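A.B. asks: Counting in this note's numbering, the sequence shown runs from 65 upward without gaps.
Every residue gets a Cβ at the ideal spot worked out from N, C-alpha and C, and that includes glycine.
Remember, it's a predicted structure, so these values are computed and weren't measured experimentally.
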Amino acid sequence: MALFSKSIEMEYGAISLDTSVYEQGSFKFESGILQQLTQFKKGPVKFLQTEIVHRESIAHIARC
Numbered sequence: 065m066a067l068f069s070k071s072i073e074m075e076y077g078a079i080s081l082d083t084s085v086y087e088q089g090s091f092k093f094e095s096g097i098l099q100q101l102t103q104f105k106k107g108p109v110k111f112l113q114t115e116i117v118h119r120e121s122i123a124h125i126a127r128c
């Protein structure tokens with residue numbers, strides 16, 4: 065017997081990623097999972113980046 069009998073649908077107006085996602089993608093925005101972020105460029109879903117994730121990402125890129 066299924067735990068839930070109804071499917072749950074949720075609508076989101078935005079997404080956000082943790083630094084670990086960028087690290088897993090090796091900060092390569094031109095390929096892989098990070099390249100797929102371009103799908104949100106012209107759509108209704110907004111991409112949000114928290115200040116701490118932004119700073120951590122910039123610090124990592126600066127070290128490369």
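Leaving out the 5 sequence neighbours to the left and right, which residues in its chain are closer than 7 Å to Ile125 when beta-carbon positions are compared?
C.D. replies: Stepping through the sequence shown from its first residue, residue 125 is reached at position 61. Cβ neighbours of Ile125 beyond the five flanking positions: Phe91.
A.B. asks: Report back the beta-carbon spacing between Ile97 and Gly107 to the nearest angstrom; my notes put them in contact at under 8 Å.
C.D. replies: Looking up residue 97 in the sequence shown gives position 33. Looking up residue 107 in the sequence shown gives position 43. Going by Cβ atoms, the distance from Ile97 to Gly107 rounds to 17 Å, so no, they are not a contact pair.
A.B. asks: Taking only three categories from DSSP, how would you classify Ser84?
C.D. replies: Taking the sequence shown and counting its residues from 1, one reaches residue 84 at position 20. Helix.
A.B. asks: What number of angstroms, rounded off, separates the C-alpha of Lys110 from the C-alpha of Leu81?
C.D. replies: Here residue 110 is taken as the residue at index 46 of the sequence shown, counted from 1. Here residue 81 is taken as the residue at index 17 of the sequence shown, counted from 1. Their Cα atoms are separated by approximately 12 Å.
A.B. asks: Taking 6 Å as the limit between beta carbons, can you name the residues of its chain near Ala78, skipping five residues before and five after?
C.D. replies: Position 14 of the sequence shown, counted from the start, is the residue given in the question as residue 78. Lys110 and Leu112.
A.B. asks: Apart from the five residues on each side of it in sequence, which residues of its chain come closer than 8 Å, Cβ to Cβ, to Gly104?
C.D. replies: Taking the sequence shown and counting its residues from 1, the one referred to as residue 104 is at position 40. What sits at residue 104 in the sequence shown is Phe, not Gly. The residues are Ile79, Lys110 and Phe111.
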